[in-house]
Amino acid sequence: MSDCIFCKIINGEIPSTSVYQDEQAYAFRDIQPAAPTHILIVPRKHIDSINAMTDNDEQTIGHLFNAARQIATQEGLAENGYRLVINTNAHAGQTVFHIHLHLLGGRQLTKMG
Ligand code: DGP
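When we follow my numbering, the leftmost residue of the sequence shown carries the number 89, and every step to the right adds one.
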């Protein structure tokens, strides 16, 4: 999508600090980190949100979690642990409408709610 900030990050129009990429996914450091390690993992395919995903996107979204596992290991987070979050729409605070998986770690995270 031409006006999507994460599509522009994926195609290099907007700079980012990349930590991982493959044919389906791109991962980069969050500009407003909420933890010592805060990485966003996005599908190269533009999908607005989990509400907009279809059965055909199962593999694409599952792939984000497999990438997250590899990145968590690469970042040294696997043993102590980390959190994976996908915000959807207003009540969850979604601000960018291109599906992204937050990977948070590097400190004891508080309970969610
Ligand atoms: P969410 O609230 O779940 O939609 O998360 C959007 C995240 O995207 C938020 O943590 C900040 C991050 N973000 C927004 N714009 C940019 C950007 O231009 N570069 C980077 N690296 N992160 C961004």
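All residues carry an ideal CB built from backbone N, CA and C; glycine is no exception.
Comparing alpha-carbon positions, which option in the options lies nearest residue i?
{"i": "N175", "options": "I98, S106, T161 and H186", "result": "H186"}
{"i": "N177", "options": "I102, H190, S137 and I98", "result": "S137"}
{"i": "K199", "options": "C92, V173, I119 and R157", "result": "V173"}
{"i": "F153", "options": "I93, S104, I102 and Y108", "result": "Y108"}
{"i": "T161", "options": "I127, G181, P121 and I93", "result": "I127"}
Nearest-angstrom Cα distance between residue i and residue j?
{"i": "N201", "j": "H179", "result": "A small fix is needed here, since residue 201 is Gly in this sequence, not Asn. If I take the Cα positions, the gap works out to 11 Å."}
{"i": "Q196", "j": "G100", "result": "33 Å"}
{"i": "K96", "j": "R171", "result": "26 Å"}
{"i": "Q147", "j": "P131", "result": "11 Å"}
{"i": "N144", "j": "A155", "result": "19 Å"}
{"i": "V184", "j": "D118", "result": "12 Å"}
{"i": "G181", "j": "L189", "result": "13 Å"}
{"i": "I102", "j": "Q120", "result": "16 Å"}
{"i": "I149", "j": "E163", "result": "21 Å"}
Assuming residue i and residue j are in contact, meaning their beta carbons sit under 8 Å apart, how far apart are those beta carbons, in whole angstroms?
{"i": "A113", "j": "I129", "result": "6 Å"}
{"i": "H134", "j": "M89", "result": "5 Å"}
{"i": "A123", "j": "L192", "result": "4 Å"}
Does the Cβ-Cβ distance between residue i and residue j come in under 8 Å?
{"i": "T125", "j": "L165", "result": "yes"}
Check the DSSP bridge columns for residue i and list the partner residues they point to.
{"i": "I129", "result": "A115 and L189"}
{"i": "S106", "result": "F116"}
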